[in-house]
Amino acid sequence: MPLTAPLTPRRTPPTPLVPAAPARRTTTPPASRRAVRAARVAALCVLPSSLWRVAPAVGIPVGYEADALRDRLQVPGWGTPALLGLSLLAEAVTLLTVGLTRPWGERVPRWVPAFGGRAVRPAAVTAVAGTGAALLTLIFTVLPAAQLLMGVAGGDADPHGPWLLLMRLCYAPLLAWGPLTAAVVVAYHRRHRTHLRAHA
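Quick note: to get my numbering, add 12 to the position in the sequence shown (first position is 1).
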């Protein structure tokens, strides 16, 4: 008979399963549908007036008399690249507005020399875009509304009849350009502010 009892292995109690902590989101949440829609509408608001400026630059008079094209718009001449450049600049601004709702607006595209791949600073973007939205609202919303209230009419060199109506229809959407851009900037600021607070 053995002097000692056989050793029985001690059973280790099972470790309770603890649910893993959810991974912290490190990327900024996507823009809301309302902000995306506002950015797209802002881009569409600029397109008609851009096309209107391109028309005389490429030789389509759109109601302007030859003297008005030559003396006022300087077409043909330096007015041609000026009109084309102004239209391209306006479309570039709307592209930057759309960028506030897109991933490439959070980080500089890699194909951009010297700055490709760098994350943008939301505070700087908000400041610059907010200033731009204020200027757009002043130039294309407040001033035209004030001129309309004061009864300021267009010049004699402007188109007349149906062409004048078409020109006004092309430029009328610009009244909403500044406010729509401001709405996109506010949404961008709120989205990044909420994200920074959540991960502070």
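Glycine included, every Cβ here is placed at the ideal spot set by N, Cα and C.
It should be emphasised that the depicted structure is a prediction, and the values quoted were computed from it without experimental measurement.
Alanine 194 - DSSP class collapsed to helix/strand/coil: Along the sequence shown, read from residue 1 onward, the residue named residue 194 stands at position 182. Alanine 194: helix per DSSP, three-state reduction.
- prompt: Does the Cβ of leucine 112 have 16 or more other Cβ atoms within 10 Å, making it buried, or fewer, making it exposed?
  reply: Here residue 112 corresponds to residue number 100 of the sequence shown, with the count starting at 1. The residue in question, leucine 112, is buried, as its Cβ has 16 or more Cβ neighbours within 10 Å.
- prompt: Are leucine 148 and cysteine 57 touching if we call contact CB-CB under 8 Å?
  reply: Here residue 148 is taken as the residue at index 136 of the sequence shown, counted from 1. Here residue 57 is taken as the residue at index 45 of the sequence shown, counted from 1. No. Outside cutoff.
field: Buried versus exposed, by CB contacts within 10 Å (16 or more), tryptophan 90
entry: To locate residue 90, count along the sequence shown from 1; it is residue 78. Classification for tryptophan 90: exposed.
- prompt: Of all the options Arg133, Gly117, Leu81 and Ala139, which has the alpha carbon lying nearest to the alpha carbon of alanine 194?
  reply: For the purposes of this step, residue 194 is identified with residue 182 of the sequence shown, where counting begins at 1. Comparing Cα-Cα distances from alanine 194 to each of Arg133, Gly117, Leu81 and Ala139, the minimum goes to Ala139.
message: Using CA atoms only, rank isn't needed, just tell me which of Gly190, Pro68 and Tyr200 is closest to proline 93.
response: For the purposes of this step, residue 93 is identified with residue 81 of the sequence shown, where counting begins at 1. For the residues Gly190, Pro68 and Tyr200, the minimum Cα distance to proline 93 belongs to Pro68.
- prompt: Tell me, which residues are paired with alanine 47 by DSSP?
  reply: One-based indexing of the sequence shown puts residue 47 at position 35. For alanine 47, which the question treats as bridged, DSSP gives no partner whatsoever.
message: I'd like to check one pair, valine 196 with threonine 109: are the Cβ atoms closer than 8 Å?
response: One-based indexing of the sequence shown puts residue 109 at position 97. One-based indexing of the sequence shown puts residue 196 at position 184. Yes, Cβ-Cβ distance for threonine 109 and valine 196 is below 8 Å.
task: Write down every uninterrupted run of the alpha helix (DSSP H) in the stretch 91-126 whose length is 4 residues or greater and which is fully enclosed by it, in chain order.
output: 91-111
message: Any beta carbon from chain D within less than 8 Å of alanine 199's own beta carbon?
response: Absent from the structure is chain D; it holds one protein chain and no more.
query: Does DSSP put alanine 33 in a helix, a strand or coil?
result: Looking up residue 33 in the sequence shown gives position 21. Summary for alanine 33: the model assigns pLDDT 47, below 50, so the residue's position carries little reliability; its value from the coordinates is reported in the next sentence. DSSP places alanine 33 in coil when its eight states are reduced to three.
task: Please list, in chain order, all residues of the same chain as proline 156 whose beta carbon is under 7 Å from its beta carbon, the five residues on each side excluded.
output: Locating residue 156 in the sequence shown gives position 144, where the first residue counts as 1. Correct list, in chain order: Leu187.
- prompt: Which two residues bound the contiguous alpha helix (DSSP H) that contains arginine 217?
  reply: The chain is shown only over 13 to 212; residue 217 falls outside these bounds and no answer can be derived.
- request: Could you spell out where the alpha helix (DSSP H) holding valine 140 opens and where it closes?
  value: If you number the sequence shown from 1, residue 140 lands on position 128. Valine 140 -> alpha helix (DSSP H) spans 134-149.
query: Tell me which same chain residues have a C-beta within less than 6 Å of the C-beta of alanine 43, skipping the five on either side of it?
result: Position 31 of the sequence shown holds residue 43. The residues are Thr113.
Close beta carbons around tyrosine 183, own chain, < 6 Å, minus the five adjacent residues each side: As a working note, residue 183 is residue 171 in the sequence shown. The residues are Ser61.
query: What residues match up with alanine 67 in a beta bridge as DSSP calls it?
result: The residue labelled residue 67 in the question sits at position 55 within the sequence shown. Partner(s): none; alanine 67 has no beta bridge.
- request: Taking 8 Å as the cut-off, decide whether the C-beta atoms of glycine 190 and alanine 145 are in contact.
  value: Within the sequence shown, numbered from 1, the residue matching residue 190 stands at position 178. Within the sequence shown, numbered from 1, the residue matching residue 145 stands at position 133. A contact, by the Cβ cut-off of 8 Å.
task: Take leucine 185 and list the residues in its own chain whose beta-carbon comes closer than 7 Å to its own, dropping the five residues that flank it on each side.
output: Locating residue 185 in the sequence shown gives position 173, counting from the first residue. At residue 185 the sequence reads proline, which differs from the leucine that was named. Same-chain partners within the cutoff: Cys57 and Pro60.
message: Under DSSP, the alpha helix (DSSP H) around proline 42 begins and ends at which residues?
response: As a working mapping, residue 42 is identified with position 30 in the sequence shown. It is not in any alpha helix (DSSP H) - proline 42 carries neither H nor E in the DSSP assignment.
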